[in-house]
Amino acid sequence: MADLTTLFANKIRCPNPFWLASGPPANCADQVIRAFDAGWGGAVWKTLGVPITNVSSRYSSVDLNGQRMMGLNNIELITDRTLEVNLREIEEVKKRYPDNAVIASLMVDSTREAWHEIVERSEGAGADGLELNFGCPHGMSERGMGSAVGQVPQYCSMITEWVKEVAKTPVLVKLTPNITDIRPVAHAAKQGGADGLSAINTINSITGIDLDTFVPRPNVDGKSAHGGYCGPAVKPIALHMIQQIAEVGLPVSGIGGVSNWRDAAEFILLGCQSIQLCTAPMHWGFRIVEDMIDGLKNWMDEKGFRTIDDFRGLSLPNVKEWKNLNLNYKIIAKIHPEKCIGCDLCYIACEDGAHQCIHVDPLPPRLTVTPIPKLDGPIPATPIKIPRVDEEECVGCNLCALVCPVENCITMERVDHGIPSESWEQRSA
Amino acid sequence: MNVTINTDELFPDLHPALAPQAAVVEASRCLFCYDAPCTQACPTHIDVPKFIKKIASGNLRGSANTILDANILGLSCSRVCPVDVLCEGSCVMHRYNKQPIEIGLLQRHAMDWFYSHEPAIATAPDNGKHVACIGGGPASLACAAELRRHGFAVTVFDRNPLAGGLNTYGIAQYKLRPPDSLKEVELLRNMGVEFRFGVEVTDQTEGEFDAFFLGVGLGPMHRLNVPGDDLPGVVDALTFIADYKTGTPKVGRRVVVIGAGNTAIDSAIAARKLGAEQVHIVYRRGESDMSAFASEYEHAKLEGVEFHWQTSVTRITPDAVICGTFKIPCDMVVPAIGQSPLTKLLAVCGEVNRETGQTKHPKYFAGGDFLNGGREVVDAVADGKRAALGIKKWLTTQS
């Protein structure tokens, strides 16, 4: 039976790798307690610092075809509760839940004294680790904190050094994706002594504009400001950045659009030691962790993995630079007519959007009337137009299989033409 | 017995409308097939994926115009079409073990939006030609609208005080109410169609017009031709339906409907809803021979209508229907065994070109129930539209 016990950076122990990310679901003890009761392995407390004043409204989302919250945007700042209240609650939670991980997310003014003080007080309250919030992209960054630090490698390593001067628990640096290349800051964090990295924070966004008022959402008294984007929509961006920072060699806590155990497994395959979620519990509540644990365990059992470490990072060697891909690998589309429902989406996608390799014969025009069996005999079956692939012309791009609504109706089949593998690097050498 | 009824309460919508968010979700389920079978299956060839995707994008005016471009009676068709043998019946989702897209409800969603937002359709500048449409039913209305789009002046003649034909007088109330049918008539009036009611069309009239469209429908309902078929308690189905739809319902306590077509079903269900305690359908042939659509048959069974197969009526008395050796006590009999075709007029028309509606008298075009023997509203609309284009082509080549 799979064991999800997690040991992050060799220090932070918890029953599973699923942590609440620093955000609204980890705002107070009441929430974190209910999350732990539901099964969450850990929680990164909503960022501690000098309490701020929030605006209303704060969130906006992007729906896709009627499905809610494919992406979520927020302009909420760090905690609006006093440090004393937060620390007292952290202490209480740690006493009641010694086996779960509580990480304190921190953000204060960029002075050594301020950082020393908050680190010492957080650890004094019993935090198992610290996460330096160098990623928050809105509001706090205008005050020289959050992503204003995370976008400058020197600031990042300087403040990490200050923290490490006093920290006794592992220090994670939370990275911002709002940067051309995430790697220099990740290396700077390591240089400053970080014990781990958290990535990614939210992405700068304007989710949409009200077409009646012309005000972007969320609307704060007729105006808006850019916010931080997260949720399922950002997962591919997060996966890419996590793959990029693997070269730093620090433990990574993966964040960005994880909604279920499948997403989590993908993050772990790219090397993550723990997984943080925020949008999913904001959408569905803490109860989602049950399937995350159950689903991941069942998948691990099926694959023969006993611990998270058994499959962690297995996909990293499979991510290459384009120049190393085999130019002589050839696949072509195969349409399985018995599965085809005749929507002809593959035809129009290939014709207009790809390489004009799928053909279909239109039905002859006819005068259509409502079929009435008494007058017309049995109602004839609707004719179906099954497209066909020009195998000589097909470039194996996958588009037809991607648009096909029927599972396994279009498969991409390998063509073995006997030509040995050759990459662009080899060819141009 | 005579009853005072509130038809809106007695005849709630058979299929409630979609809420806006539900419409977007349903519209988003549409695969947006290329050269879609639903469009092919529609006699008026409404571009179904196109209007559905416009619902999904929130372009409801564009969606409505897409529907009305193909079918000016998009509102009534969205309510009365037998979609399970037309668009929804041909939806590719059937092949995928999934529910077909609710095309009828989505069309109604777009139509309801259109008619509550200053409905208007663009017409071309007058081209100096004038066409008469005889009969104010769906075929004539469709012909008239299409002609107005091309700049023809159009006058519609009808013997009834209201236009719309069976859409106004003959369709079950839980599917289509007269006010909705009359909204479509009003739209045509706004497009510049002239209506003349209670007017006889005579030789004298012929000279006023460049072409005629005959959308005169079918003749009176067939009589049973059994003893007692002229008793006061015998009311033919179309009269029964028209009476209750125009606010003067007459229904018995025990009703026998004779026939098993869609009109018979409509009458039987209406009788139940109007308060009849027992409603029987008597049909001389078997269940598999009935011409009513399967969905109509199911609906009637749910309403508690009792069916008697292989049963021929031999006589009607003031308090029963006699079927050979047994009798069904009743105080009302509703024959619904079809309408007679206007054979004399059809003979005068000669062979009609189905693509253009042109009769052997080139100035006369025809379509709808009159020509096709009695089909659906959507078939009449298709006929009327084809005839309009036929008239346009013919008049263009004449000048």
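If you read the protein sequences in the order shown, they are chains W and U.
Under the working numbering, the first residue of the first sequence carries the number 11, and numbering increases by one thereafter.
Under the working numbering, the first residue of the second sequence carries the number 4, and numbering increases by one thereafter.
Even for Gly, the Cβ is constructed at its ideal location relative to N, Cα and C.
Query: Would DSSP call glutamate 402/W helix, strand or coil?; Result: coil
Query: Quick one: which residues of the segment 349-374 of chain U get their C-beta closer than 8 Å to a C-beta of chain W? List them in chain order.; Result: Arg357, Glu358
Query: Return the bridge partner residues of leucine 262/W from the DSSP annotation.; Result: It is worth fixing the name first, because residue 262/W is valine in this sequence and not leucine. Looking at the DSSP assignment, valine 262/W forms a beta bridge with Leu207/W, Cys282/W.
Query: Let me check understanding here. Comparing Cα to Cα, which of Ser284/W, Asp400/W, Gly267/W lies closest to tyrosine 357/W?; Result: Asp400/W
Query: Which whole-angstrom value describes the C-beta separation of glutamate 309/U and valine 282/U, a residue pair presumed to lie in contact below a C-beta threshold of 8 Å?; Result: 7 Å
Query: Taking any Cβ of chain U, which residues in the segment 350-373 of chain W have a Cβ under 7 Å from it, in chain order?; Result: Ile351, Gly352, Cys353, Asp354, Leu355, Tyr357, Ile358, Pro372, Leu373
Query: In whole angstroms, what separates the C-alpha of aspartate 386/U from that of isoleucine 124/U?; Result: 20 Å
Query: Quick one: which residues of the segment 273-296 of chain U get their C-beta closer than 7 Å to a C-beta of chain W? List them in chain order.; Result: Ser294
Query: When you compare each of Arg256/U, Gln342/U, Phe215/U, Thr266/U to lysine 363/U by their alpha carbons, which one comes out closest?; Result: Phe215/U
Query: So the beta strand (DSSP E) isoleucine 116/W belongs to, where does it begin and stop?; Result: Isoleucine is not the amino acid found at residue 116/W; the sequence shown has leucine there. Element bounds for leucine 116/W: 111-116.
Query: Report the three-state DSSP secondary structure of histidine 97/U (helix, strand or coil).; Result: helix
Query: Among residues of its own chain, excluding the 5 on either side of alanine 391/U, which ones have a beta-carbon nearer than 7 Å to its beta-carbon?; Result: Cys146, Glu149, Leu150
Query: With a CB to CB cut of under 6 Å and the five nearest residues on each side skipped, what residues in its chain are close to valine 329/W?; Result: Gln253
Query: If you reduce the DSSP assignment to three classes, tell me which class serine 71/W lands in.; Result: strand
Query: Given this structure, state the Cα-to-Cα distance separating isoleucine 394/U from glutamine 361/U, to the nearest angstrom.; Result: 8 Å
Query: Quick check on the DSSP output: what are the complete beta strand (DSSP E) runs of length 3 or more inside the segment 169-231 of chain W, in order along the chain?; Result: 181-184, 206-209, 213-215
Query: Is proline 246/W helix, strand or coil when you go by DSSP?; Result: helix
Query: Can you find a CB in chain W that lies within less than 8 Å of the CB of serine 143/U?; Result: no
Query: For a quick check, are the C-beta atoms of glycine 168/U and glycine 140/U less than 8 Å apart?; Result: yes
Query: Fully enclosed by the segment 20-84 of chain W, which beta strand (DSSP E) runs are 3 residues long or longer?; Result: 22-24, 28-30, 52-58, 69-74, 77-84
Query: According to DSSP, is asparagine 143/W part of a helix, a strand, or is it coil?; Result: strand
Query: Check whether the segment 27-42 of chain U touches the segment 343-362 of chain W, taking contact to mean three or more Cβ pairs, one atom from each stretch, closer than 8 Å.; Result: yes
Query: In chain U, which residues lie with their C-beta within 7 Å of the C-beta of isoleucine 389/W?; Result: Val88
Query: So, does the segment 173-184 of chain W touch the segment 200-215 of chain W, judging by three or more C-beta pairs under 8 Å?; Result: yes
Query: Have a look at phenylalanine 117/U and arginine 82/U and give me their C-alpha separation to the nearest angstrom.; Result: 15 Å
Query: With a threshold of 16 other CB atoms inside 10 Å of the CB of alanine 279/U, please say whether the residue is buried or exposed.; Result: buried
Query: Output the boundary residues of the alpha helix (DSSP H) element that contains aspartate 362/W.; Result: 355-363
Query: Can you check whether the CB of cysteine 367/W is closer than 8 Å to the CB of glutamate 423/W?; Result: no
Query: Would you kindly report the start and end of the unbroken beta strand (DSSP E) that includes glutamate 422/W?; Result: A quick correction: the sequence has methionine, not glutamate, at residue 422/W. That run of the beta strand (DSSP E) goes 420-424.
Query: What's the gap between the Cα of proline 252/U and the Cα of glycine 131/U?; Result: 45 Å
Query: Taking buried to mean at least 16 other C-beta atoms within 10 Å of its own C-beta, is tryptophan 332/W buried or exposed?; Result: exposed
Query: What is the rounded straight-line gap between the Cα of cysteine 240/W and the Cα of leucine 221/W?; Result: 23 Å
Query: Express the C-alpha separation of proline 226/W and phenylalanine 373/U in angstroms, rounding to a whole number.; Result: 57 Å
Query: Label asparagine 519/W either buried or exposed according to how many other C-beta atoms from any shown protein chain fall within 10 Å of its C-beta, with 16 as the threshold for buried.; Result: The structure shown does not extend to residue 519/W, since chain W spans only 11 to 439, so no value can be given for it.
Query: Should alanine 59/U be flagged as near chain W, meaning a C-beta pair shorter than 8 Å?; Result: yes
Query: What residues in the segment 413-427 of chain W bring their beta carbon closer than 7 Å to a beta carbon of chain U?; Result: Pro415, Val416
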